[in-house]
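Residue numbering for the sequence shown follows our numbering, beginning at 90 and increasing consecutively. The C-beta atom is built at its ideal place from N, Cα and C for all residues, glycine as well. Just below is one structure, and these are the notes that go with it.
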Amino acid sequence: MHFIRADARHWKPTRDMVLRCRFFAAFPPCDHLAVSGARWFAGKGLHKLSQSVELFAIAAEWAEFFEVPYMIENPVSTISTYWRKPDHTFDPWQFTAWASNDNYSKKTCLWTGGGFVMPAVNAMCQAIDTKRVLNAPRNADRANVRSVTPIGFMRALYAANFAHKLAA
């Protein structure tokens, strides 16, 4: 697995990265796109919006460029208006068989392609916390806590897209 944390506007993959890539996942910033923050859109201005749309567009371009299964993850956002509806949505609790602590709701959207396989829902939780993300402590870690990608979903994603290939 190769993680790249870079400004996508100035990053170019090496030839080796392109040849070795088997899956592409992008998590563009949602700060100025998520509908949960719509009440603050006007105060943020058009430049913040255009930068966020640009980063999402670059993620979509890179996803297609690599010609492998891909996903671009964002919460419910205005991208559905500017570009297209997501291919899939999920809540973390739907994958609690893979990680029992993911027993909370947070509708997440995925724009996918290249042969991406959406994992089947595999929920094992009894109580779903509908306020965990909303009530995250207001401290320096709040943004990270609210934006983390659920581990249960990622484990299910790996199993759906790669486990059968490794067994062969």
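- Put simply, the backbone Cα of Thr201 is about 10 Å away from that of Phe113.
- DSSP places Phe154 in no beta strand (DSSP E) but in the uninterrupted alpha helix (DSSP H) bounded by Phe130 to Phe155.
- For His121, the closest of Gly241, Ala249 and Lys133 by C-alpha to C-alpha distance is Lys133.
- Thr178 carries a strand assignment under DSSP once its states are collapsed to helix, strand and coil.
- DSSP places Ala114 in the uninterrupted beta strand (DSSP E) bounded by Phe113 to Ala115.
- Taking 7 Å as the cut-off, the Cβ atoms of Ala148 and Ile161 count as close.
- For Tyr171, the enclosing alpha helix (DSSP H) begins and ends at Ile168 to Tyr171.
- With contacts defined as CB atoms closer than 7 Å, Pro164 and Cys119 qualify as a contacting pair.
- Taking the Cα of Phe155 as reference, the smallest distance to any Cα among Ala252, Arg111, Asp96 and Tyr247 is reached at Arg111.
- According to the DSSP assignment, Leu199 belongs to no alpha helix (DSSP H) but to the beta strand (DSSP E) extending over Thr197 to Gly202.
- Just so you know, the alpha carbons of Ser189 and Arg98 end up roughly 37 Å apart.
- A straight-line Cα-Cα distance of about 26 Å links Asn228 and Leu144.
- DSSP places Asp105 in the helix class (H, G or I) of the three-state scheme.
- Excluding five sequence positions before and after Ala216, the CB atoms of its chain that fall closer than 7 Å to its own CB belong to Asn192, given in chain order.
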